[in-house]
Amino acid sequence: MRITTQAEYGLICALHLARRVGEGPVTGRAIASTERLPGDYVEQIMLKLRRAEIVRSTRGAHGGYHLARPAEQISVRDVIEASEHSTFDVHCTSHPVEEERCAASHDCSIRPVWVLLQRRIDEVLEGVRLSDLLLQEAQVRERVGLLEPMAAVGGRLALPILQG
């Protein structure tokens, strides 16, 4: 599973606003500059977050964006779904390998695994709030129950192997 750029940038933008609560509206250009993200892309993401009522916008010389509700009331899932429309793309429905094989009426032993994975991903993302991400990484790891530090493997971050 890969986290898309839109989902990651959506979280970065929402987190930027969470850090600036009480400081007034922030322009998309200011978010892009501070976070070193492409300005046009940030504006597209902010539009999606506004449509999902995660952020509000204010027009005018001192306009910009601010969170529509407290960071404690916004889950990571909310932001990813606003940015991406779903947290996990079950190919059975979005990109079926073959229409007949992937039809709901067809017996598919793989589908329950994808559905379970979708539910687990959604549970985890729903349980983490934007306010949680305002903490330091070690505190977030503890908050989500990931007590082992993540190791770099081949230039990528890898989750620790959990012993069962």
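Count along the sequence shown starting at 1, add 589, and that's the number in the numbering used here. Beta carbons are placed, not taken as given, at the ideal position from N, Cα and C, and that holds for glycine.
Kindly indicate which residue of Q707, G734, D696 has the alpha-carbon position closest to the one of D721. G734
Extent of the continuous alpha helix (DSSP H) to which S672 belongs: 665 to 673
Report the residue from L723, Q662, Y598 whose alpha carbon sits nearest the alpha carbon of A621. Y598
Three or more C-beta pairs below 8 Å linking the segment 701 to 708 and the segment 630 to 646: no
Which full runs of the beta strand (DSSP E) of 3+ residues lie inside the segment 639 to 665, going along the chain? 644 to 647, 653 to 656
Buried or exposed for A727, please, with buried defined as at least 16 other CB atoms from any protein chain shown within 10 angstroms of its CB. exposed
Measure the CB-CB distance between M637 and A671 and report whether it falls below 8 Å. As written in the sequence, residue 637 is Lys, which differs from the Met given in the question. Cβ atoms of K637 and A671: closer than 8 Å.
Just to confirm, is the Cβ distance from Y654 to L606 under 8 Å? yes
With 16 as the cutoff for other CB atoms within 10 Å, does G613 come out buried or exposed? exposed
Buried or exposed: where does V665 fall if 16 or more other Cβ atoms within 10 Å of its Cβ makes it buried? buried
In its own chain, which residues sit with a C-beta less than 8 Å from the C-beta of P627, not counting the 5 before and 5 after it? A621
Three-state class that DSSP yields for V717 in the structure shown: coil
Could you check how far apart the C-beta atoms of A650 and D667 are, in whole angstroms? I think they sit under 8 Å. Not confirmed; about 30 Å, so no contact.
Whole-angstrom Cβ separation of L723 and R608, contact assumed at under 8 Å? 7 Å
Kindly indicate which three-state DSSP category V615 falls into: helix, strand or coil? strand
Which of helix, strand or coil does DSSP assign to A603? helix
Contact check, L719 vs I663 under 8 Å by CB: the rounded distance? 4 Å
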